[in-house]
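Protein chains in written order, with this note's numbering: chain X, 1412 to 1604; chain F, 1412 to 1604.
Glycine included, each C-beta is placed from N, C-alpha and C at the ideal position.
Below you'll find the structure, written out as structure tokens, and then a few comments.
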DNA sequence: AAATAACTACCGACCGTTAGTTAGTTTGCT
DNA sequence: AGCAAACTAACTAACGGTCGGTAGTTATTT
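Following this line, the structure appears as structure tokens:
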């Protein structure tokens, strides 16, 4: 389908160069068609942009749901760590991750309101899985009994930190930051022996 | 000085709308001059952009150095917490913070190399102060003896997480995230009683 | 002290290019 | 034949940047 090809290429360009830094000519060239042909599939540049955003949000939530559901290890500790690693990897390896972060942090000013509205529709969808993990950990005496909301927010903050670092530092540096952040985080919530 | 006025207004616009989203006409209009007059003070749009970046990096490093040097409290715990809070506040309250994060995470592609080069000149300048804090904490038996580099990296990751959140979530939500992140972080490095 | 030269900051007009978008037409498939 | 999807051509608006000229100030000369 041409529509998918357009969205895929648009995503790559929007992710790397931003909304203002990406022209319809650029997109058309990569797709292999002429610029006006884009209008057979999308009403405007904004419409195309929003279409890619929608895909990105959905892909992100789907990935988190799927990948966490498929972790077949025993301890909560390894599950949480793996969730952290795989989510970070997802954000770094795909254009989706770059687009996700860019849209959330620095959307085009005039589209901001609209974007926030759409984001809030997806936000919170991943909470349940993590909450379940923390509850399991407390039950199995791996994690200190305490306010799960605090654990959750701290975990998200760690995730956001790693995600951000991935756009600034080298792979090796991010890896060591992830290890350090995780180590201190886990030490902060685990039952010490 | 006109140069400073130009840089100030350019900073605000670049921070909010990015490089591609800001035109020289926009900048000139806010300064109160016409576009060609800008060229009496800067050779090109890129030159103006780099000038503002330079200012931003210097302002950030200066702020961290100053504000941390002026904390007059006793315990390492409150010092660290205050460092976290004030740095986060700095990043959120000024356009400098927005510019700082935007430039580091999503610089204009063709300027990326140059920007990274300049960033690395500033990077690491703040390390010493934090390392000193951790060492003090270990000596005073507030912090567990351990790898200080891990503490430092974990702290930076927390800081990056909070900084990122400030561009995504509401003030209240960020505040609760900061508290949660800090609580778990400190619990992860402190000597528990 | 008057005249001149030099310099700075600014502006209007304009250049070539590219942006997003529209209209009208052709292609190719069913 | 009909229809979606591609095309060419062209539009207006805006982009970054240049040019020639003009005020206003400063420095130098006579």
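query	result
Tell me the DSSP secondary structure of residue 1600(F) in three-state form.	helix
Rounded to whole angstroms, what is the Cα-Cα separation between residue 1486(X) and residue 1534(F)?	38 angstroms
Between residue 1427(X) and chain F, is there a C-beta pair that is closer than 9 angstroms?	yes
Rounded to a whole number of angstroms, what is the C-alpha to C-alpha distance between residue 1520(X) and residue 1541(X)?	32 angstroms
Roughly how many whole angstroms lie between the Cα atoms of residue 1559(X) and residue 1456(X)?	43 angstroms
Along the segment 1449-1479 of chain F, what residues have a CB closer than 9 angstroms to any CB found in chain X?	none
Pick helix, strand or coil for residue 1554(X), following the three-state DSSP scheme.	strand
Quick check on DSSP: helix, strand or coil for residue 1478(X)?	helix
Per DSSP, what kind of secondary structure is residue 1539(X) in: helix, strand or coil?	helix
Can you look up residue 1572(X) in the DSSP assignment and give me helix, strand or coil?	helix
Compute the distance between the beta-carbons of residue 1579(F) and residue 1510(F), then report whether it is under 9 angstroms.	no
Within the 9 angstroms Cβ cut-off, does residue 1599(F) reach chain X?	yes
Can you round the beta-carbon distance between residue 1482(F) and residue 1493(F) to whole angstroms, since I take them to be within the 8 angstroms contact cut?	5 angstroms
Whose C-alpha, out of 1517(F), 1564(F), 1421(F), 1488(F), is nearest the C-alpha of residue 1553(F)?	1488(F)
Closest Cβ-Cβ distance between residue 1496(F) and chain X: below 9 angstroms?	no
Quick one: which residues of the segment 1508-1526 of chain F get their C-beta closer than 9 angstroms to a C-beta of chain X? List them in chain order.	1509, 1512, 1513, 1515, 1516, 1517, 1519, 1520
Look at the alpha carbon of residue 1507(X) and the alpha carbon of residue 1547(F), and state the distance between them as a whole number of angstroms.	43 angstroms
Going along chain X, which residues have a C-beta under 7 angstroms from residue 1535(F)?	Near residue 1535(F) there are no residues of chain X at all, since even the closest Cβ is about 12 angstroms away, more than 7 angstroms.
Whose C-beta lies closer than 8 angstroms to the C-beta of residue 1448(F) among residues of the same chain, with five residues either side of it excluded?	1439
Have a look at residue 1432(X) and residue 1432(F) and give me their C-alpha separation to the nearest angstrom.	8 angstroms
Three-state secondary structure (DSSP) at residue 1614(X)?	The first residue shown for chain X is 1412 and the last is 1604, placing residue 1614(X) beyond what the model contains.
Can you give the Cα-Cα distance for residue 1467(X) and residue 1525(X), rounded to whole angstroms?	15 angstroms
In chain F, which residues lie with their C-beta within 8 angstroms of the C-beta of residue 1562(X)?	1591, 1595
Taking residue 1582(X) as the query, report the chain F residues whose CB atoms sit under 7 angstroms from its CB, ordered along the chain.	Those do not exist, as residue 1582(X) stays about 14 angstroms from chain F at its closest Cβ, beyond 7 angstroms.
How close, in whole Å, do the beta carbons of residue 1569(F) and residue 1572(X) come, if the pair is a contact with beta carbons under 8 angstroms?	6 angstroms
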